[in-house]
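Have a look at the structure below, then the notes.
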Amino acid sequence: ADKAADRAGAGARKYLTLEKVIVMLRRKPGDADSHYLSTDLVIATTEEQERQAKEHLPLLRSIAVKALSNYPLEQAQAMTVEQFAEQINRAFDASYAQEKRDKPFSEVMIGKLIIE
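The following block contains the structure:
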């Protein structure tokens with residue numbers, strides 16, 4: 048079991064919003080139009096971890112941008128909100144594991160998703 052998720056289960060749940068995570072989607076060769084993905088993320092944490100989670104918001108934005116910027120338009124349009132959330136959570140898990148740090152949140156959900 049994930050230690051951070053176990054700890055996040057203790058205490059009252061709190062939710063933080065990371066608004067306007069915007070990335071330019073990859074273009075196909077010959078595609079002149081730019082396409083964007085914009086999302087608002089909802090971060091589930093606890094009262095005890097809220098301050099630390101807030102301090103990590105710039106890092107979380109950076110990890111999310113890196114994870115989402117790899118998608119071409121066609122793939123992004125075919126994905127569900129749940130699939131995007133799963134990919135972002137995997138990216139966060141990998142980043143925190145690589146740095147050998149505990150996540151100050153249990154999961155990240157999608158609050159809004161726009162693909163243009």
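Oh and the sequence shown: position 77 is 124 in my numbering, straight run, nothing missing.
Note that CB positions come from ideal geometry on N, CA and C, so glycine has one too.
Q.
Going by DSSP, what residue range makes up the beta strand (DSSP E) through Leu72?
A. Segment: none, Leu72 is in no beta strand (DSSP E) and carries neither H nor E.
Q) Assuming Ile161 contacts Ser85 under a Cβ cut-off of 8 Å, what Cβ separation, rounded to an integer in Å, is found between them? A) 5 Å
Q.
I need the straight-line Cα distance from Phe131 to Glu95, nearest angstrom please.
A. 27 Å
Q: Return the residue from the list Lys113, Lys159, Val112 that minimises the CA-CA distance to Glu129.
A: Lys159
Q: Mark Lys75 as exposed unless 16 or more other C-beta atoms lie within 10 angstroms of its C-beta, in which case mark it buried.
A: exposed
Q: Look at the alpha carbon of Lys61 and the alpha carbon of Val70, and state the distance between them as a whole number of angstroms.
A: 27 Å
Q: Can you grab the Cα-Cα spacing for the pair Met156 / Ala79, in whole Å?
A: 32 Å
**Q.** Cut-off 6 Å between Cβ atoms - residues of its own chain near Ala138, not counting five sequence neighbours on either side
**A.** Ile110, Ala114
**Q.** Any alpha helix (DSSP H) of 4 or more consecutive residues that is wholly inside the region 72 to 127
**A.** 97 to 102, 104 to 115, 120 to 125
Q) In whole angstroms, what is the alpha-carbon distance linking Val112 and Val68? A) 7 Å
Q) When you compare only the Cα positions, how much space is there between Glu163 and Phe152? A) 30 Å
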